[in-house]
Amino acid sequence: MRTGANNTVDEDPAESEFRRLLRVYGEPSNLNPPPDLVARTARQLPPETPASALRRLYIRRILRWAILALILCAVLLGVVLLFATGPATTPIGGQVGFGRTLLTLQLILKPIKGLITIFGLPLLLVGVSASVGALLVLSRNSSAPQDLRAGT
Amino acid sequence: MDHQAEEIELIEQALLGNRDAFSQLMHRYAGAVYGLAYRMLGSQQDAEDASQEIFLRTYTNLARFDRTRRFSTWLLSIGSNYCVDRLRRQRMQWMTLDDVAFTLPSLERGPESGAVHREQRELVREALQTLPEGYRLVTVLRYWNDLSYQEIAQATGLTESTIKTRLHRARNMLAERLSQDRVDLCEPEPTIL
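Protein sequences appear in the order of chains W and Y. Just so you know, we're using the numbering used here here: the first sequence kicks off at 70 and counts up by one. Just so you know, we're using the numbering used here here: the second sequence kicks off at 523 and counts up by one.
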């Protein structure tokens, strides 16, 4: 790297003034990195050549995007199937595997959808929040004596 | 063999999987990379982690290095991008109590060598941390890593006029902050009656 003294190409008076100010504060100074920084980093280098490491990185990135796209498709399919009128159904048959899971999810979600339709989403959220709150209060009340027992 | 040719030779060997050659490159630039990370991120631990990550990224991307460019500029551009990304990620995270404790000024000694200017350097480091990231980056690259405007433009993707504007503002902000610190240091401590 060049030193500040050699680097006069873009220098203007304001720069020179600022460099002088920095020198008053003992800057720019060289920082000493931890002595084992290079050794530690060298141990973490991938075992293959940089080109292979880059290829592996690209493959991993493509796979990650593919999985994400797959999940997105599954969610979209689920939403379409949930809001479809008529009985629960799957395009791949609901006897085994993924089709069965899809069918089960629909059967679980359809009553919830029915409740939303009947009560409206805000009322349902208030109801769920109240139920969860009540459960929390109950669980705290029931755990208090246990705590006391544990303390004795 | 001159410095540049020797460096290209080390890069060629590293590309063939010679890790010792890459270690030699790391030894050459550990100070520059660590210095950039420390001044950008403001803590030793972060600077260490960042330096490791910057070198690992450099190794992985070595096949993409354009031999017509200076290796140091390319390395510092990877370092700059990484530090800016890391600062953005930190900003987006929820601040837990641990994080607050972590960002408080450290009482441990910094990596600066020598005791004479340590306190003054600490003032400069703190003043640097008050600059917006974009300003801090060009300032560190210009005055600590000694890059030309053109090299800073290559490293950051900014235009030279933007760099000059940012440097101008950063200089004013730093000068103002440092003069304020000087006044604070010179003021006598208030006495309790």
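We put the beta carbon where it would ideally sit given N, CA and C, even for glycine. Note that the coordinates shown come from a computational prediction; the quantities given were computed from them, not determined experimentally.
Could you tell me which of Y:SER701, Y:ILE576, Y:GLY656 and Y:TRP666 sits nearest to ILE685 (chain Y), measuring between CA atoms? Y:GLY656
Check whether chain Y comes within 7 Å of TYR94 (chain W), counting only Cβ atoms and requiring the distance to be less than that. yes
Local conformation of LEU192 (chain W) per DSSP, three classes: helix
Do LEU645 (chain Y) and ASP568 (chain Y) count as a contact pair if the criterion is CB distance below 7 Å? no
Step through the CB atoms of chain Y and report whether any lies within less than 7 Å of the CB of PRO102 (chain W). yes
Taking ALA122 (chain W) as the reference, give the member of Y:GLY539, Y:ALA527 and Y:LEU689 with the closest Cα. Y:GLY539
On the criterion of 16 or more Cβ atoms from any shown chain inside 10 Å, does PHE167 (chain W) qualify as buried, or is it exposed? exposed
Does DSSP put LEU538 (chain Y) in a helix, a strand or coil? coil
The alpha helix (DSSP H) that contains ILE674 (chain Y), what's its start and end? 671-678
Is it buried or exposed for GLN215 (chain W), if we count other Cβ within 10 angstroms and need 16 for buried? With a pLDDT of 42 at GLN215 (chain W), under the threshold of 50, the modelled position of this residue cannot be trusted; read the value that follows with caution. By the neighbour-count rule (16 or more Cβ atoms within 10 Å), GLN215 (chain W) is not buried but exposed.
Evaluate the contact criterion for the segment 105-123 of chain W versus the segment 653-671 of chain Y: three or more CB pairs, one atom per stretch, below 8 Å. no
Compare the beta carbon distance of GLN676 (chain Y) and THR595 (chain Y) with 7 Å and say whether it is the shorter of the two. yes
List the residues of chain W that GLU570 (chain Y) touches, going by C-beta distances under 7 Å, in chain order. PRO103 and LEU106
Beta carbon of LEU650 (chain Y), beta carbon of ARG592 (chain Y): below 7 Å? no
For GLN526 (chain Y), count the other beta carbons within 10 Å of its own beta carbon; 16 or more makes it buried, fewer makes it exposed. Which is it? exposed
PRO103 (chain W) versus Y:ALA559, Y:GLU570, Y:MET548 and Y:ALA543, residue with shortest Cα-Cα distance: Y:GLU570
Decide if PRO97 (chain W) is buried, meaning its Cβ has at least 16 other Cβ atoms within 10 Å, or exposed. buried
Hey, could you find the ends of the alpha helix (DSSP H) ALA572 (chain Y) is sitting in? 566-582
Could you confirm whether any beta carbon from chain W is found closer than 7 Å to the beta carbon of ASP620 (chain Y)? Summary for ASP620 (chain Y): the model assigns pLDDT 49, below 50, so the residue's position carries little reliability; its value from the coordinates is reported in the next sentence. Not an interface residue.
In three-state DSSP terms, what is LEU137 (chain W)? helix
Pull out every residue of the segment 585-610 of chain Y whose Cβ sits closer than 8 Å to any Cβ of chain W, in chain order. ALA585, ARG586 and SER594
Straight-line gap, TYR531 (chain Y) to ILE674 (chain Y) (C-alpha atoms, nearest Å): According to the sequence provided, residue 531 (chain Y) is Glu. The question's Tyr does not apply to it. Taking the straight line from one Cα to the other gives about 25 Å.
Hey, is the segment 81-88 of chain W in contact with the segment 686-699 of chain Y, meaning 3+ C-beta pairs nearer than 8 Å? yes
If you draw a straight line from the alpha carbon of TYR671 (chain Y) to that of VAL195 (chain W), how long is it in whole angstroms? 60 Å
Which chain W residues are close to GLY553 (chain Y), counting only those with a beta carbon under 8 Å from its beta carbon? ASN99, LEU100, ASN101 and PRO102
Is it right to say THR582 (chain Y) is buried, meaning 16 or more other beta carbons lie within 10 angstroms of its own, or is it exposed? buried
So the candidates are Y:LEU578, Y:TYR556 and Y:LEU563; which of them puts its Cα closest to the Cα of PHE544 (chain Y)? Y:LEU578
Exposed or buried, what is VAL555 (chain Y) when buried is set at 16 or more other beta-carbons lying within 10 Å of its beta-carbon? buried
I want to see whether chain Y comes within less than 7 Å of THR173 (chain W), judged by CB atoms only; does it? no
Given a cut-off of 7 Å on the beta-carbon distance, is the pair THR159 (chain W) and LEU171 (chain W) in contact? yes
Length of the line joining the Cα atoms of LEU91 (chain W) and SER573 (chain Y): 25 Å
Within its chain, find whatever has a CB closer than 8 Å to the CB of LEU536 (chain Y); leave out the 5 residues flanking it on each side and keep chain order. According to the sequence displayed, residue 536 (chain Y) carries Ala and not Leu. Once the five neighbours on either side are set aside, the close Cβ partners of ALA536 (chain Y) are ALA543, PHE544, LEU547, TYR581 and LEU584.
Nonlocal neighbours in the same chain, by C-beta distance under 7 Å from VAL206 (chain W), ignoring five residues either side: none
If distances are taken between C-alpha atoms only, which option among Y:SER565, Y:GLY564 and Y:GLU575 comes closest to LEU106 (chain W)? Y:GLU575
Exposed or buried, SER602 (chain Y), counting other C-beta atoms within 10 Å across all chains shown (16 or more means buried)? buried
Does DSSP put LEU100 (chain W) in a helix, a strand or coil? strand
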